[in-house]
Amino acid sequence: MKRLLFAAAFACITDGARAAPYADSPVARALRDELARSMDKLEMGGFGKPYFLSYSLYDATRTYVTAALGALATSQSAPARSVYLDLRVGDYDFDNSNVVDAERASVALPAEDDYDLVRRELWLATDRSYKRAVETLGRKRAVAKAETRSPDEPPSFTKEVPSKITDERALPPPDMKRLEALAKKLSAVFRANPDVHEGTATISGLAGKHYFVSSEGASSVETGSYARLDLECHAQADDGMPLHATATIWAHAFDQLPPEAELIAQAEKLSKELSALRKAPVIADYDGPVLFTGTAAGDVVRALLADELGGTPAPKSDRPGGRGIESALVGKVDRRILPPGTTLVDDPTIDRLGKAPLVGGGKFDDEGVPTQKVTLVENGMFKRFLMSRAPRAGYTHSNGHGSWTAHGAVRAAPANLLLSSSAGVSDADLRRRAASAAREQGLTYYLAVERLEQRRYRGDITNPGEDLSLPRPALLRRIYLDGRQELVRGASFGTVPMKSLKDLLALGATPTVITYQGRTLTSIAAPGLLFRDLDVKKPQGPQKQRPIAPRPPP
Amino acid sequence: MQRGFDVKRLVLAAFAMSCVSQKGGAPAEKRPGAVPAHAEPAAPPASPARIDAVRPAPLGTAPPEPILEVMTAELARSMGELTRHSDPPYFAAYEVSDARRVNITAAFGTLRASSDSRSRMVDIEVRVGDHKLDNTHAPRDRSVGAGRNSTSASLPTEDDAYALRSILWLRTDEAYKRAAEQLTKVQANAKVKVDAEDTSDDFSRETPSQYLEPPAAIAIDRAAWEARLRAASSAFRGHPEIVTGSVSLSASVETHYYTNTEGTRYQTPEVHLRISIAATAKADDGMELHRFESMDAGAVERMPTDAQIRAKVDAVIRDLIALRRAPVAEPYIGPAILEGRAAGVFFHEVFGHRIEGHRQKSENEGQTFAKKVGQPIMPDFMDVYDDPSIATINGVELNGFFRFDNEGVAGQKASLVESGVLRTFLLGRSPTRGFTRSNGHGRRQEGMSVVPRQGNLVVAPSRTMPREALRAKLLEEAAKQGKPFGLILRELDGGFTMTTRFEPQSFKLLPVMVVRLYPDGREELVRGADLEGTPLGALSSILAAGDDVATFNGYCGAESGYVPVSASSPSLLVSRLELARKRKSQDRPPILPPPPSGGGT
């Protein structure tokens, strides 16, 4: 149910649980009826009717509760309901899709289940989409005339068997009082630590239905939800360096978040780490082996690989010869991108790995195509792309990974990425190998990263030579060859290219799952990753002063 | 955000235009009984416009709320610590806006959206330097960025002293450091530039005051309003010409808490309840047509009845249908009547934005009126003032009413123009040539920096004439200029004005209901015209005023954000207005007719 994410911008009113099938609701009927009328009658002289039209509806409730240092700051729960339109003119071989400047065609629906008003909104939105489609197709044809046509130029749209999936469940409304109390209690943990300047707990989530209907006859409905808890605390070192300790915990629903005691322990751990960071020495420039464990491993996969896995061809430009950006993996099929023995699959059809929730999946994608497990990398060799219904040479079908992007079209994106290695080694072995790599390079220690920063924060100063191809380490230790460990702060990475993944010294055996909201909601399971050789930079220049006044009395 | 000339463009929220107008509902398309062309115009009587202004008595004897006590304590503590530092601050203020906002929209009889949210924002202002020269000093060129002189943050909505004070502490520290840094830049900039034309201080000295009203607390029955708006908006059903049509309630129930280091403290409720009606249609040539009406109130019991809302919805529908059939306006220069509310918007744009004090001071501004104090700028029968302390005029509630501005100064009357002569400006605590004290017009939306803004602008001519006489005079003027008709501008949808030196000193207003008045008394509605001109020319071309004062209520946007304002004026006859053709959408109307209703079961 990852795609619910995009429905988040519109606030409406809830109408409670429905007993009758969703397809019988006034909204679903309005979608089908206006779709049928548009296909049948929508035509402007000489331009032809649409050959395809789909409506993808997200009908969800969005919840957001946040507390700071034990006091409630925001508590909201509101319906969010919107429809994404995909209207195509021309034909499957050459249509108006996949151009650089496509506007996102979506419309917010009324809060109430009113057949008439929903149809009215769809009428106007479909009319706009049709006019834009006609115009876009004209431009695309003009550009095509001025361009040479490559022999392997794929058609515009794949042919798929229309999906008919029904997954209906009642979802309980969020227990706001409980969520508020939890957010207060968790953020109050930070209040007890005099080192903490700011400390917040934010609980958010979406829950609802995804309904897809197309002129090809697809009609599918899926129930889904996710919940997330963000714990954040911030401090400043005596030299002024801003310090952050954050964690995000995901679940399929609010009532599936870990038990309160476990969450409090997690907040306490962050709070202690923040205090430890205040006393930690600043890192020195380093060039040598780096071991990523815990959530840091998944974040490496996210930063270096995840965005390259979609095979949707680059959108066409308005100018002949112009194109959008292609995946860096184009031309790399059957080439090594990871060490031998490594497998990378994307499996949207599972929702759990061991006990860890995977929340990126679902039953069908944003183009109504049933999701499929795709093996992307076998034995370290790149095998195939994730695909939407925009084909490329060698792919005649979608594999169910179409996802709405922020700017217009559907493109292929990962859902649940699972990285594993048949040569995966135990944690202890990973550390031994890291130590011996350090020894070979004449070093007295190696670096081990447990967590990467999730974003830039207020007061952060850019380090010279920093390259954000990999985010800054948030929790980083020097592991000396004699076994001593030392927490260090202030590090950032030099450039880390995707290529460096194929020279990984070793992969671990036990994965940790992370989830993030990028273009879509994606979960990544990755074991520890050992790089032979990365540049890690120390900060240079001044930091901001610490607050002049002491903190207020408790 | 870009700075320099780019940010000075002012937009009078087109979406927020409003009305609380003369009795008799919406402007009628045709008004019978127009004066025949040959009738002798009546001699203008010397009667002033009727303006019954109510200024409510002070109510401020309530106890302070916990949040105000927390703010006061932390301001004192943080400032106590900071003043021991080198470059100590000499002034600081906290303002908290504690708001509940209810927004409900219904369209074609159905609820479109309904929300109820609570928020608490603090704006922190810290000044370093002294009253003569401080960190807010306007830089002389853009190499030194204009320092935002406030820092804002959202606060917990619970009265938890420690959590609140922690945020105030950190943000005050941040605001102080930024101010100290900016002062250093300002001092260096002042040394290398030629002397400024205006050598006024950066900050005025004002008398501290204390004023505490009970916090805003009103009950809004959401379910009942949802039902009422559904019913009101159902009138759009059955009119295929209406493409979009909605009726909304926006209720903003705020309490402002202010404390500064000079000892001023206030706690004031600010309630704005607004019903708005917005609808669009499309002419066959693709022109987008829209109408907006609104009704404002400061208390639930004064909100409009269902019948009053319905009458406005019907008027909007009627206007749009008439506009669809109306011919497109041709470019025109000639005499025109700006009817009441349109005259209010006209004055707001053409005059009101140009007499904001900071525009007289900044060397990047056009300073249209900076050196005109004591000189005539409009005809001698014109008086204009801005007075935020007025709650109602002729029974109509004014949107720009407030007790204290966002700098802790009581809102007070500024007599801008007396007998056509410019007397003063709208002033906050940034003095300008010849004016050392604020007149309580320093305003902002939360999160923005204060500048002087309008509150309740009132155009009060000392000599007026009845409506019929004004129309006759319009026709007389049209004949004199050889025009086949005179124009009547009935509704303006808003407008914008440019005030910086880089840009042309001009304004553009967006009339929606423009009528041609022919010598035989016939009226013809036209569509698709913009009103353009220059301020000095427009103001000096005022010929006469009517006796029909009307009030426009709205929200005005400028560099300090959106603030509620009003403008009251009688109808005005001007000898020369310029209409230009509006840019029009090239999209065709919807291809298919509206979908059939009825559930499709």
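Residue numbers (the working numbering), protein chains in the order written: chain A, -15 to 538; chain B, 8 to 608.
Using N, Cα and C, we set each Cβ at its ideal position, and we do this for glycine too.
query, result
"By the three-class DSSP mapping on this structure, what secondary structure does B/M78 have?", "helix"
"For B/P383, list the residues DSSP reports as bridge partners.", "B/V428"
"Mind the definition here: the segment 53 to 68 of chain B touches the segment 234 to 246 of chain B only if three or more C-beta pairs lie below 8 Å; say whether that holds.", "no"
"From A/L337, A/M365, A/Q425, A/D330, pick the residue whose C-alpha is nearest to that of A/G386; which is it?", "A/D330"
"If I measure Cβ to Cβ from B/R172 and keep anything under 7 Å in the same chain, skipping five residues before and after, which residues do I get?", "V77, E81"
"Exposed or buried, A/A245, counting other C-beta atoms within 10 Å across all chains shown (16 or more means buried)?", "exposed"
"Need the endpoints of the alpha helix (DSSP H) that B/V129 sits in, please.", "Here B/V129 belongs to no alpha helix (DSSP H); instead the beta strand (DSSP E) covers 117 to 135."
"Give me the Cα-Cα distance between A/P534 and A/K528, rounded to the nearest whole angstrom.", "16 Å"
"From the DSSP output, read off the bridge partner residues of A/L108.", "In DSSP, A/L108 forms no bridge with anything."
"Using three-state DSSP, classify B/N110 as helix, strand or coil.", "strand"
"Got a sec: which bits of the segment 532 to 548 of chain B sit with their beta carbon under 7 Å from any beta carbon on chain A, in order along the chain?", "none"
"With 7 Å set as the bound, which would you pick, yes or no: does the beta-carbon of A/P226 sit closer than that to a beta-carbon of chain B?", "no"
"Between A/P324 and A/N383, is the Cβ-Cβ spacing less than 7 Å?", "no"
"Is B/R309 helix, strand or coil when you go by DSSP?", "helix"
"Does A/I532 have its Cβ less than 7 Å from a Cβ in chain B?", "yes"
"In the segment -2 to 28 of chain A, which residues sit with their C-beta less than 9 Å from some C-beta in chain B, listed in chain order?", "P10, R13, A14, R16, D17, E18, R21, S22, K25, L26, E27, M28"
"Below 9 Å between beta carbons is the criterion; list the residues of the segment 156 to 169 of chain B that meet it against any residue of chain A, in chain order.", "S161, L162, P163, T164, E165, D166, D167, A168, Y169"
"Is it true that the CB of B/V522 sits closer than 7 Å to the CB of B/L538?", "no"
"Closer than 7 Å by beta-carbon distance: list the chain B residues that pair up with A/D98, in chain order.", "T117"
"Chain B partners of A/H56, CB-CB under 8 Å?", "The question names His, but residue 56 of chain A is Leu in the sequence shown. Residues of chain B passing the Cβ test: P163, T164, E165."
"Would you please verify whether the beta carbon of A/L101 is less than 7 Å from any beta carbon of chain B?", "yes"
"Would a check of beta-carbon distances place B/A120 closer than 7 Å to chain A?", "yes"
"Grab me the residues of B/K1's own chain with a C-beta within less than 7 Å of its C-beta, minus the 5 sequence neighbours each way, in chain order.", "Outside the displayed span of chain B (8 to 608) sits residue 1 of chain B, for which this structure offers no information."
"With H, G and I counted as helix, E and B as strand and the rest as coil, what does DSSP make of A/I233?", "strand"
"Determine, using beta carbons only, whether A/L53 comes closer than 7 Å to chain B.", "yes"
"Apart from the five residues on each side of it in sequence, which residues of its chain come closer than 8 Å, Cβ to Cβ, to A/A57?", "T50, A51, T184"
"Taking the alpha carbon of A/D222 as the point to measure from, which residue in A/P536, A/I532, A/V394, A/F36 has its own alpha carbon closest?", "A/I532"
"Given that B/W176 touches chain A, what residues does it touch there, using C-beta distances under 9 Å?", "H181, P531, A533, P534, R535, P536"
"Report the CB separation of A/G559 from A/N82 in whole angstroms; it is logged as a contact under 8 Å.", "This structure cannot settle anything about residue 559 of chain A, because the visible part of chain A is limited to -15 through 538."
"Of the residues B/G351, B/L433, B/V424, B/G449, which one's Cα is nearest the Cα of B/Q367?", "B/L433"
"For the beta strand (DSSP E) containing B/G252, list its first residue and its last residue.", "249 to 267"
"What do you get for A/I309, buried or exposed, if any count of 16 or more other CB atoms within 10 angstroms of its CB means buried?", "exposed"
"A/D302 CB to nearest chain B CB: under 7 Å?", "no"
"Just list the alpha helix (DSSP H) runs in the segment 183 to 243 of chain B, keeping only unbroken ones of 4 residues or longer that don't cross its boundaries, in chain order.", "229 to 240"
"For B/V416, does the three-state DSSP call read helix, strand or coil?", "coil"
"Among residues of its own chain, excluding the 5 on either side of A/W107, which ones have a beta-carbon nearer than 7 Å to its beta-carbon?", "E18"
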